[in-house]
Amino acid sequence: MSANAGTVTDAEGLKALNAELAASLDGEFTSEYADVNGVRLHYVTGGRGEPLVLLPGWPETWWEYRKVMPALAARFRVITVDIRGMGGSSKPESGFDKKNMAQDIRELVRHLGHDKVNIAGHGIGAMVAFAYAANHPDATEKVAILNTTHADRSYYKFPMLPNPGDKGPHRWWLAFNQVADFPEQILTGRYRHIIDYMFGLSLVNPDAITDRDRDVYAQAYSTTEAIRAAKGWFQSYQKDIADFESYDKISVPMLGLAYGTFFEYMREVFPQQGTDVRMAEIEGSRNYLVEEQPEAVTRALLEFLG
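Take the sequence shown: its position 6, counting from 1, is numbered 24 in our numbering, and each next residue is one higher.
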């Protein structure tokens, strides 16, 4: 990679970097843009076959799927999207509730000439994928939810101060991203610190996400505008929870893909959220399973999607 991902901060530099990263993948991938639902979305696409939309999580971008995109492109037309506020996509002041972000994807799908798609998401992207299937079942073939459930009332019970002996991460970043202005003040130009923290918390193998990869993510999040936009995903949780309570069960086939204890949790709650639910456990990973266990994730997706 000729561009220095750690120093690219302007829009044109980011555009060039995304084009270069896309071209580096096997499968004739290209970096593209579309204006839909009042937002400009960046996406990377390649391969042939039925359309498969991939949505990334925080603090990553479309580059999260780099290890699985070539194999999936042998079977599908892969469309990996920087969701509203992420990476190469525009960063508006509002519209970060997951129902509206699902509308972003619905309009992108229509813009690309597709009536129905398979869709998969991780983290924040998983919430958008779930909202897509809930709000647009006629435009959904199958949906895969990777390691994150849609925000619900259980989010109100996350402790600010964990009890002694509590297992699992203390989700302080959910509250941190609710704070006005302060994250921008301390993280502008320094987002690599939080990226390293999150990966250090959840990677079994720290080398699964290289220093170069972390630079790619850091340059995507380190501007004041990018930090403000990323906060929007978290600040919309109250509306997301209200929307979730209005949804019927997901009517299309749904896959829950997760690790260890979270796999057990998803296996318990997903039958309450869908009518045709399947589960697959990914071993040797925690939250960042797409990057840490790409072969297992690819295999599970291909088995589910057919």
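Virtual Cβ for every residue (Gly too), placed ideally from N, Cα, C.
Which one of the options has the shortest CA to CA distance from residue i?
i, options, result
"Lys326", "Ala318, Asn118, Thr228, Asn153", "Residue 326 cannot be examined here, being either before or after the span of the chain that is shown, 19 to 324."
"Tyr239", "Phe252, Ser264, Ile213", "Ile213"
"Gln237", "Phe148, Asp261, Thr79", "Thr79"
"Val222", "Met87, Ala151, Leu73, Asn305", "Asn305"
"Thr242", "Asn55, Val54, Gly103", "Gly103"
"Gly141", "Asp199, Met216, Val62, Arg171", "Met216"
"Met284", "Thr166, His132, Pro224", "Thr166"
"Gly324", "Leu273, Glu286, Pro289", "Leu273"
"Ser254", "Leu179, Glu111, Gly31, Ala37", "Glu111"
"Val71", "Asp225, His132, Gly183, Val287", "His132"
"Ser303", "Pro289, Asp225, Asp28", "Asp225"
"Asp199", "Phe288, Trp190, Lys249", "Lys249"
"Ala52", "Gly31, Ile101, Ser220, Glu30", "Ile101"
"Gly113", "Phe252, Glu38, Trp190, Ala29", "Phe252"
"Leu307", "Ser220, Leu35, Val146, Asp261", "Ser220"
"Arg171", "Phe288, Pro271, Gln256, Glu30", "Gln256"
For residue i, which residues does DSSP report across the bridge?
i, result
"Asp100", "His60"
"Arg95", "Pro69"
"His140", "Leu164"
"Thr292", "Here the sequence assigns Gly to residue 292, which means Thr is not the residue at that position. Answer by DSSP bridge pairing, in chain order: Ile268."
"Tyr51", "His60"
"Gly274", "Ile163, Met297"
"Thr158", "Val135"
I'd like to check one pair, residue j with residue i: are the Cβ atoms closer than 8 Å?
i, j, result
"Ala144", "Gly218", "no"
"Ala325", "Lys117", "The question about residue 325 has no answer, for the chain in this structure spans 19 to 324."
"Val57", "Asp115", "no"
"Ala149", "Ala169", "no"
"Val54", "Leu73", "no"
"Gly106", "Lys33", "yes"
"Pro328", "Ser264", "Only positions 19 to 324 of the chain appear in the structure, and residue 328 is not among them; the question remains open."
"Tyr61", "Glu50", "yes"
"Glu309", "Lys85", "yes"
"Ile97", "Tyr173", "no"
"Arg124", "Ala151", "no"
Assuming residue i contacts residue j (C-beta within less than 8 Å), just tell me the rounded distance between them.
i, j, result
"Ala298", "Leu320", "So it is not a contact: roughly 11 Å between Cβ atoms."
"Pro88", "Leu43", "6 Å"
"Trp81", "Asp231", "7 Å"
"Gly188", "Pro182", "Residue identity check: residue 188 is His in the sequence provided, not Gly. Between Pro182 and His188 the Cβ distance is about 12 Å, and since that is not below 8 Å, they are no contact."
"Ile245", "Glu286", "That pair is no contact at about 35 Å."
For the 8 Å Cβ check, are there 3 or more pairs between the stretch 293-301 and the stretch 48-66?
-> no
Hey, is the stretch 130-141 in contact with the stretch 158-168, meaning 3+ C-beta pairs nearer than 8 Å?
-> yes
Three-pair Cβ contact test at 8 Å for the stretch 261-280 versus the stretch 189-199 | no
Does the stretch 123-133 come close enough to the stretch 82-94 to have 3 or more Cβ pairs within less than 8 Å?
-> no
Contact the stretch 202-212 vs the stretch 297-316: 3+ CB pairs below 8 Å = no
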